[in-house]
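In the order they appear, the protein sequences are chains A and B. The numbering used here applies: residue 1079 is where the first sequence begins, and numbers increase by one. The numbering used here applies: residue 30 is where the second sequence begins, and numbers increase by one. Heads up, the beta-carbon is just placed ideally off N, CA and C, and yes, glycines get one too. Source: prediction; values computed, not measured.
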Amino acid sequence: MDIRWGAAARRSIVATAIAALLGGLAFPAAAQQPPVRIGVLMPTKSLVGKQGQQGAVVAAEMINADGGILNGRRIELVVYDTNFQPAEGVGAAQRLLNQDKIKFIAGEISSTVALAVVQLAQANGALFMAAVPKHPDVTASGYDRVFRLNSTTAMDARDFDAVLTEKVKPTKVAVLAENSDFGRLTIANLRKLFGSKVVAAEAYDMTQNDFSTLVTKVKGSGADLVCIAGSNMEQYGNILRLMQELKLDAKRCVMPGILNSEGVRVAGAAADNAFSADIYVPSLDNPLNKRFVAAYQAKYKETPEKIEELGFESIWLLAQAMQKAGTADDPAKVAKVLHDNKWDTPRGVVAFDKNGQAESGALINLVVKDGKLVPAP
Amino acid sequence: MDIVFQQIANGLSVGMGYALVALGLSLIFGVLHVINFAHGETFMIGGLVTLIATSLLGVPYLLALPIAGVAGALLGFAINHLAVQPLLQRRDGGADVLLATFAVSILIHQAVVVLWGPAPARIDGLAGTIEIGSVVLTSQRLFVLAVGIAFLVALEWCLKRTRFGTELRAVAQSQFAARVVGIEVDRVNLRTFVIAAVIAGVGGGLLSPVILYSSLMGQVVIIKAFVVVVIGGMGSIVGAVVCGLLVGLLESMLSLVTSEGTATAIIYSLLLAVLLVRPYGLAGKKAR
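This is how it looks when you write it as structure tokens:
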């Protein structure tokens, strides 16, 4: 593992070096100023990691196209792979801190990696802008230079519970949840919310691939709302398909933050009218989002979704805060500016609470219509 | 009561999925006396080839199945020549083959993830559903059941009625004796391996519309298939199919009265019990 990591790291150093060199050639005036270097941690070999990294790259390119920050200094990303492993994440963060002398770290998907990086950042006085990790403890360290952009499961529930109890108003609820922290937490939360109205709550193994018996059981329970809490798209896609096959005529919701257009594609027509909620959809109507979506589509020929947006936001916000603080070397000052201000992002205005948790207002309610994930009317 | 009948239909359908993988695994064990760990990946490649044929090349689903079978055959041929035949002659050949095919399975899986990508995908199989009373079964699931039974019948006929079948049974009983009477053991081994791989390839094509194609589908299914093979009796063709159906049925019936987790625990307890009490399996013969 170490050897592979080393090779990947070397490659990314070479890549950034070449990028810096080309950048220097292309903009001789800006080359006189040293670039602002920001560390990016991501499980770059995975699909989600790549999505997050690409979002970050688009942010850096947009800022540089605008002439950089702090009087023309360009943003330069130093990207390392964390491979979802805390040990590799720590290695990568140490490299950023000790070898590359970088005090600003952004990114990451995995909560366990992020929790390890938080400690390292604290020990080194660095600023850590966690993009996607969802575990509540990421912002529970008390260290004032840790920020987290994604919503937590508790925040999702706060908004989504109201949708379920006030808009959907089910009489009988069934829950199908993956057998993980997230799945079990969701079952507990829905039991608390609906009490004896929960007529079936089933946990399925994260490797299971045929859900006919489970869905038949749910059908037998007579539930008029089925909630799915599992992040594997082949699993929730399959569950949705079986509900259609077995003619289970209930409202279907996928718990917030899980459903994406790839999952909708996998489920096909069976996903129609399923509803969910999330912090971001690419169709949001604000100038920064339109610019971000257009830039991303131009570069990667795909429409960015939440993970890409959070990757973008982690770099975008750091750069804006550095600009406002007038420094790219003082994490304390930049952290204070981040805490004290409200920030424009593609998903809307973001503000941080005292623990560094980002808030962007209520979740956006989503529904699947004709194979597309769109904001609910 | 309706729900019981629906669960029986579900159980048979799920069980035939296990059986289709267990069939080839058992066949290879019966003849070559080795465990082919790469069998699940052959199944996955069958699904992938069906996906590529139907979604990228526009081949009709029913025509994609034989293509998946051919892909399985080619892969089986390659695995046999790379990781099975050269190791079989060694003194601890069986253990070496187990390890070598395990390595091949990881190689195949990683190659697919790197070259094709990790994303799962939907394959549209036969359209429509069939309803008997309140029991609903999709045409695709019925089709899987029918093809599974057809495979079993064809294989049994082949074993009992053809010259190749006689040779195969002779090799299964004793390689040495088979060689003495002039049977080309290596050729029988190769054919057995390829037949098993064809069933796995077609099986992947049959089941991927039901369970969705995923690069992990082989790893998931091979564990259950091992359970089925052990309970059914290593090397027993009928045992593999009957036991696959039984395990599927047992799972779905148990889920009526208990949680999925408990149902799985009961199945694995059964596996342990069979290994302790009837190590030759429910359908296997004692002497070998």
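Beta carbon proximity, M263 of chain B to chain A, threshold 8 Å: Walking along the second sequence from the start, residue 263 of chain B turns up at place 234. No, M263 of chain B does not count as interfacial toward chain A.
Cut-off 6 Å between Cβ atoms - residues of its own chain near S42 of chain B, not counting five sequence neighbours on either side: Reading the second sequence from its first residue, position 13 is the one you call residue 42 of chain B. Sequence-distant Cβ neighbours of S42 of chain B in its own chain, meaning closer than 6 Å and more than five residues away, are R170.
Beta-carbon neighbours of L1193 of chain A, restricted to chain B and to distances below 8 Å: As a working mapping, residue 1193 of chain A is identified with position 115 in the first sequence. By Cβ distance, chain B contributes nothing, its closest Cβ being about 25 Å from L1193 of chain A, past 8 Å.
Candidates A:N1316, A:N1176, A:K1325, A:V1241: closest to L1444 of chain A by CA position: Mapped onto the first sequence, residue 1444 of chain A falls at position 366. Comparing C-alpha distances from L1444 of chain A to each of A:N1316, A:N1176, A:K1325, A:V1241 shows the shortest one belongs to A:V1241.
Rounded separation between N1161 of chain A and P1121 of chain A - CA only: Numbered from its first residue, the first sequence carries residue 1161 of chain A at position 83. Numbered from its first residue, the first sequence carries residue 1121 of chain A at position 43. Taking the straight line joining both Cα atoms gives about 4 Å.
Three-state secondary structure assigned by DSSP to Q1408 of chain A: Counting from one through the first sequence, the residue named residue 1408 of chain A turns up at place 330. The sequence shown places Asp at residue 1408 of chain A, rather than the Gln named in the question. D1408 of chain A: coil per DSSP, three-state reduction.
As assigned by DSSP and simplified to three states, the class of L104 of chain B: Residue 104 of chain B sits at position 75 when you count from the first residue of the second sequence. Secondary structure of L104 of chain B (DSSP, three-state): helix.
Contacts around L1271 of chain A, its chain only, beta-carbon distance under 8 Å, and the 5 residues preceding and following it disregarded: Translated into positions along the first sequence, residue 1271 of chain A becomes position 193. Within the same chain, L1271 of chain A has close Cβ partners D1239, L1242, T1243.
Inter-residue Cα distance where the pair is K1447 of chain A and D1350 of chain A: As a working mapping, residue 1447 of chain A is identified with position 369 in the first sequence. As a working mapping, residue 1350 of chain A is identified with position 272 in the first sequence. For K1447 of chain A and D1350 of chain A, the distance between alpha carbons rounds to 5 Å.
Cross-chain neighbours of V1251 of chain A in chain B, by beta carbon under 7 Å: As a position in the first sequence, residue 1251 of chain A is number 173, starting the count at 1. The contacting residues do not exist; V1251 of chain A stays about 17 Å from chain B at best.
Cβ pair R1330 of chain A, V1304 of chain A closer than 8 Å: One-based indexing of the first sequence puts residue 1330 of chain A at position 252. One-based indexing of the first sequence puts residue 1304 of chain A at position 226. Going by C-beta atoms, R1330 of chain A is nearer than 8 Å to V1304 of chain A.
Residues sharing a beta bridge with Y1374 of chain A, DSSP: In the first sequence, residue 1374 of chain A corresponds to position 296, counting from 1. In the DSSP assignment, no residue is bridged to Y1374 of chain A.
Closer than 7 Å at the beta carbon, the chain A residues around S42 of chain B: Residue numbering aside, residue 42 of chain B sits at position 13 when the second sequence is read from its first letter. Close partners of S42 of chain B in chain A (Cβ separation under 7 Å): S1290.
Minimum C-alpha distance to V1157 of chain A - residue among A:V1452, A:R1425, A:L1198, A:R1115: Taking the first residue of the first sequence as 1, we reach residue 1157 of chain A at position 79. With distances taken between CA atoms, V1157 of chain A lies nearest to A:R1115 out of A:V1452, A:R1425, A:L1198, A:R1115.
Neighbour flag for L85 of chain B against chain A, beta carbons, 8 Å: Position 56 of the second sequence, counted from the start, is the residue given in the question as residue 85 of chain B. It does not: the Cβ of L85 of chain B has no partner Cβ on chain A nearer than 8 Å.
Chain A contacts from the stretch 46 to 78 of chain B (Cβ-Cβ distance under 8 Å): For the stretch 46 to 78 of chain B, the residues whose beta carbon sits under 8 Å from a beta carbon of chain A are, in order, G46.
Distance, A1134 of chain A Cα to T71 of chain B Cα: By one-based count along the second sequence, residue 71 of chain B stands at place 42. By one-based count along the first sequence, residue 1134 of chain A stands at place 56. Straight-line Cα distance between these residues: approximately 38 Å.
C-beta neighbour in chain B for N1351 of chain A, strict 8 Å: Sequence index remark: in the first sequence, residue 1351 of chain A carries index 273 (1-based). It does not: the Cβ of N1351 of chain A has no partner Cβ on chain B nearer than 8 Å.
Chain B contact for G1298 of chain A (CB, 8 Å cutoff): Along the first sequence, read from residue 1 onward, the residue named residue 1298 of chain A stands at position 220. Contact with chain B is found for G1298 of chain A, since one of that chain's Cβ atoms lies less than 8 Å from the residue's Cβ.
Residue interval of the beta strand (DSSP E) (run including M1120 of chain A): The count along the first sequence starts at 1 and reaches residue 1120 of chain A at position 42. Its beta strand (DSSP E) spans residues 1114 to 1120.
Neighbour list for A1281 of chain A in chain B, Cβ cutoff strictly below 9 Å: For this step, residue 1281 of chain A is matched to residue 203 along the first sequence. In chain order: S288, E289, G290.
DSSP-derived helix/strand/coil call for N1443 of chain A: In the first sequence, counting from the first residue as 1, residue 1443 of chain A sits at position 365. It is a strand residue.
Contact between the stretch 146 to 163 of chain B and the stretch 237 to 246 of chain B (3+ Cβ pairs under 8 Å): As far as the Cβ criterion goes, the stretch 146 to 163 of chain B touches the stretch 237 to 246 of chain B, which means the pair count is three or higher.
Bridge partner(s) assigned by DSSP for I161 of chain B: Mapped onto the second sequence, residue 161 of chain B falls at position 132. According to DSSP, I161 of chain B bridges with B:V164.
Alpha carbon of V214 of chain B to alpha carbon of R208 of chain B, nearest angstrom: As a first step, residue 214 of chain B is located in the second sequence; it is residue number 185 there, counting from the start. As a first step, residue 208 of chain B is located in the second sequence; it is residue number 179 there, counting from the start. Put simply, the backbone Cα of V214 of chain B is about 6 Å away from that of R208 of chain B.
For V1277 of chain A, three-class secondary structure by DSSP: Your numbering for residue 1277 of chain A matches position 199 in the first sequence. In the structure shown, V1277 of chain A sits in a strand (DSSP, three-state: E or B).
Any C-beta of chain B under 8 Å from that of V1344 of chain A: As a first step, residue 1344 of chain A must be located in the first sequence, where it is residue number 266. At least one chain B Cβ lies under 8 Å of V1344 of chain A.
Rounded separation between L1227 of chain A and L1174 of chain A - CA only: Taking the first residue of the first sequence as position 1, residue 1227 of chain A is located at position 149. Taking the first residue of the first sequence as position 1, residue 1174 of chain A is located at position 96. Computed Cα separation, rounded: 21 Å.
Contact under 8 Å by Cβ, G44 of chain B with G233 of chain B: Numbered from 1 along the second sequence, position 15 holds the residue referred to as residue 44 of chain B. Numbered from 1 along the second sequence, position 204 holds the residue referred to as residue 233 of chain B. Cβ distance not < 8 Å, so G44 of chain B and G233 of chain B don't count as in contact.
Residues bridged to R1330 of chain A (per DSSP): In the first sequence, the residue the question calls residue 1330 of chain A occupies position 252. Answer by DSSP bridge pairing, in chain order: A:V1304.
Interface positions of the stretch 1316 to 1333 of chain A facing chain B (Cβ-Cβ less than 7 Å), listed along the chain: Result list: N1316, E1323, L1324, K1325.
Separation of N218 of chain B from S1258 of chain A, as counted between CA atoms: What you label residue 1258 of chain A is simply residue 180 of the first sequence in a count that begins at 1. What you label residue 218 of chain B is simply residue 189 of the second sequence in a count that begins at 1. If you draw a straight line from the Cα of S1258 of chain A to the Cα of N218 of chain B, it comes to about 44 Å.
Check whether G268 of chain B and Y47 of chain B have beta carbons under 8 Å apart: Counted from its first residue, the second sequence places residue 268 of chain B at position 239. Counted from its first residue, the second sequence places residue 47 of chain B at position 18. Result no, Cβ atoms of G268 of chain B and Y47 of chain B do not sit closer than 8 Å.
Where E1154 of chain A sits in the DSSP three-state scheme: As a working mapping, residue 1154 of chain A is identified with position 76 in the first sequence. The three-state reading of DSSP puts E1154 of chain A in strand, counting E and B together.
Residue-level contact to chain A via CB, V165 of chain B, 8 Å cutoff: Mapped onto the second sequence, residue 165 of chain B falls at position 136. At least one chain A Cβ lies under 8 Å of V165 of chain B.
Buried/exposed call for H110 of chain B, threshold 16 Cβ in 10 Å: The sequence position of residue 110 of chain B within the second sequence is 81, counting from 1. H110 of chain B is exposed by the Cβ-count criterion.
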